[in-house]
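Numbering (the working numbering), first residue to last: 2 to 481.
Think of the CB as a built atom: it goes at the ideal place given N, C-alpha and C, for glycine as much as any other residue.
To start, the structure itself, in structure tokens.
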Amino acid sequence: MITDFRNLRVTVMGLGKFGGGIGAVRFLAHHGARVTVTDTKPASLLAEPITQIADCPHVIHKFGGHQDVDFRDTDLVVASPAVDRAHPCLEIARTTGIPVTSEMNLFWERNRGKTVCVTGSNGKSTTVALIHALLQAGLQRSTDTTLAGTPPRAVWLGGNIGHSLLPVVEQIQPDDWVVLELSSFQLDDLAVLKPNPHVAVVTNFTPNHLDRHHTVDAYRQAKQNLLRWQTADRVAILNQNDADVAHWPTAARTIWFGRDDEGRQGLFAIGLEGYKRQALYRHGSREQVLPLGLWFNLPGIHNFMNALAATSTALILGSQAAKVETGLRTFRPLPHRLQLVAETAGRRFYNDSKATTPEATMLALRAFREPIVLLAGGSKKGVDLAPLAAEILARHVKAVALLGETGPELGHALHQLDTRDAVRTHLCTNLQEAWHFAVAQSQPGDIVLLSPGCASYDWFPNYEVRGEEFTRLARTWDGR
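See the structure below:
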């Protein structure tokens, strides 16, 4: 581990806008490094992150592309997780003997706090935000023998959710809880450090990012890095209803969450549906029934599963039921995740732009009983869209606005299965066109749902911009 960055030449590859590049630049510059930050995007598209590093000394900006010299004449490269590790510039660095690391690896090496790490194919961000909210609602000493310690002074939130903790890593105390969302890309990088989180949470697993990992098994191996080096004094919280995750090996003590009580240790849904749904928490010989359906009202069974994962984590870390209730009742959904953004002319408009996998869109469709007009499609990630087409036909979907690169593929899959032409489709050239088609197909009582099931990079810089544009259209529509 590098302990002195003074006068070290460091290339930060990828400034981005989701925190990692910004955090790396701020940390390195304020520790005396001479930083060169590069990005393929032009400066005009990076105005906001540029302002966040404007006060950093000795930083050179090179935007609009990467230059070989910055990866040859340097002492260290810090690469964004979004950059493929086979990128030619990173090959130049490795061939020259220049070490390549990441913002998360720099943080992990220096973090003194206790870690709660969340991964999975869907639901990571909501689950990690819920865990943070529940722990914030009641900072107490864990009664679990595996995790017992002094009460934390603070709870920190970071990782793939968009908040870099690297600039504040020196403020984190040994008894603080650090809640991190970790992507498969970040876990690939962390493998060299053999991470051993105090608590590892896995929400679910479905194929994703095959454009980067190439095979489902490689993607699975990356996700399993969260559990791979855990020791017996640590805890793994796993989804018992996910047929893949339920068989992932770990040396840690396993706590389960899921829809059915099978007599295991953990938190399980029991009883009725909707607001009457309850959950049974079993820890050792103690059992407790919690009315989670009364406390938590985000739509969809998938969100209830997220709440089970987060609540089981909070309980194992010492939160009391009253504090859990406070945290769940006051929790506000994250933007772009099945977010109700407008109600106009009897229609409800939901922004689910963060649904970048077919499975996430399938879960969104299952959250509603009303007729749905869906906006779906986006950039390609190498995944099969036929299951999504089948789910669309099995639900109350009346029309689909087909978006982006995968629009034709999804449309073809729908037409192959829809022998009765029950769902009307329209291939769109931009989101404005998709919006006009969607509202024209909708009626009072309908749901208009942006849930693309694909990434955004064909039409938009990121899923946030896509969701913000849909939200703007929904909030400015006058119902005509």
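For residue i, tell me which candidate among the options has the shortest Cα-Cα distance.
i, options, result
"D85", "V170, V101 and L77", "V101"
"Y464", "I162, L29, D190 and H133", "I162"
"R349", "I173, V449 and F186", "V449"
"H284", "E263, L316, H62 and P462", "L316"
"L403", "R421, D243 and Q433", "Q433"
"A475", "Q174, Y351 and W296", "Y351"
"A44", "H59, G17, P82 and G24", "G17"
"H88", "T41, T37 and H59", "T41"
"D243", "A48, A310 and A155", "A310"
"F461", "S354, P445 and L364", "S354"
"K125", "T204, L135, I51 and R154", "T204"
"D176", "W296, A155, T420 and I238", "A155"
"D459", "L428, L135 and T407", "T407"
"D189", "A30, T327, S81 and T75", "S81"
"M363", "L418, A441 and S452", "S452"
"N298", "V193, L181, T331 and A34", "T331"
"T127", "A308, N226, F19 and P50", "A308"
"L158", "C118, L191 and P50", "C118"
"V202", "A219, R235 and L191", "R235"
"E344", "A456, R95, I93 and R473", "R473"
"R481", "V193, A219, R396 and P445", "P445"
"R213", "G468, G21 and K381", "K381"
"A5", "H31, H62 and K399", "Note on residue identity: the sequence assigns Asp, not Ala, to residue 5. D5 has its Cα closest to that of H31, out of H31, H62 and K399."
"M105", "N226, A94 and L183", "L183"
"V440", "R467, Q417, T477 and N240", "T477"
"P336", "A34, Q187 and R467", "R467"
"R35", "G21, M14, I61 and G20", "I61"
Along the chain, where does the alpha helix (DSSP H) that runs through residue i open and close?
i, result
"L239", "Run containing L239: none in the alpha helix (DSSP H); it sits in the beta strand (DSSP E), V236 to N240."
"H31", "G21 to H31"
"W109", "E104 to R111"
"E263", "Run containing E263: none; DSSP gives neither H nor E here."
"F72", "V70 to R73"
"Q442", "L432 to Q442"
"N161", "Neither: N161 is in no alpha helix (DSSP H) and is coded neither H nor E."
Between residue i and the rest of its own chain, which residues show a CB-CB distance below 7 Å, the 5 nearest in sequence each way excluded?
i, result
"R27", "I54, C57 and P168"
"W230", "K195, P196 and N197"
"I302", "R367"
"D419", "L394"
"T97", "R73"
"W436", "L474"
"G15", "G22, D40, A80, S81, A83 and V84"
"E482", "Since the first residue of the chain shown is 2 and the last is 481, residue 482 is not available in this structure."
Assuming residue i and residue j form a contact by the criterion Cβ under 8 Å, report the distance between their Cβ atoms to the nearest whole angstrom.
i, j, result
"F305", "A270", "7 Å"
"V11", "L77", "5 Å"
"T314", "V200", "6 Å"
"L135", "S320", "6 Å"
"Q279", "G272", "4 Å"
"P372", "D447", "5 Å"
"A223", "S185", "4 Å"
"S165", "I51", "Contact flag wrong, Cβ pair sits at about 16 Å."
"T75", "I99", "6 Å"
"P300", "G454", "Not really, about 17 Å apart at Cβ, beyond 8 Å."
For residue i, I'd like the list of residues in its chain whose CB is within less than 8 Å of its CB, leaving aside the five on either flank, ordered along the chain.
i, result
"L415", "A390, I393, L394, V401, V424 and T426"
"L46", "P462"
Given residue i, which residues of its chain have a CB within under 6 Å of its CB, disregarding the five upstream and five downstream residues?
i, result
"H67", "T39 and C90"
"A361", "N123"
"D245", "F206"
"Q174", "R154"
"N209", "S122 and T358"
Beta-carbon of residue i versus every beta-carbon of chain C: anything under 8 Å?
i, result
"Y464", "The structure shown contains no chain C; it holds only a single protein chain."
Starting from residue i and walking both ways along the beta strand (DSSP E), at which residues does that stretch end?
i, result
"N209", "Neither: N209 is in no beta strand (DSSP E) and is coded neither H nor E."
"V38", "R35 to D40"
"V60", "V60 to F64"
Is residue i a contact residue of the ligand PLP, with contact defined as CB to any heavy atom under 7 Å?
i, result
"L428", "Of ligands this structure carries none, so the ligand PLP is not represented either."
Open item on the list: With a threshold of 8 Å, are at least 3 pairs of Cβ atoms found where one atom belongs to the segment 368-381 and the other to the segment 402-412?
Closed with: Counting Cβ pairs under 8 Å, three or more are found: they touch.
Check: Looking at C-beta atoms only, is the number of pairs between the segment 64-80 and the segment 114-133 that lie closer than 8 Å three or more?
Finding: Judged by Cβ distances under 8 Å, the segment 64-80 makes no contact with the segment 114-133, as fewer than three pairs qualify.
Q | Contact the segment 105-119 vs the segment 285-298: 3+ CB pairs below 8 Å | A | With the cut-off at 8 Å, the segment 105-119 and the segment 285-298 do not touch.
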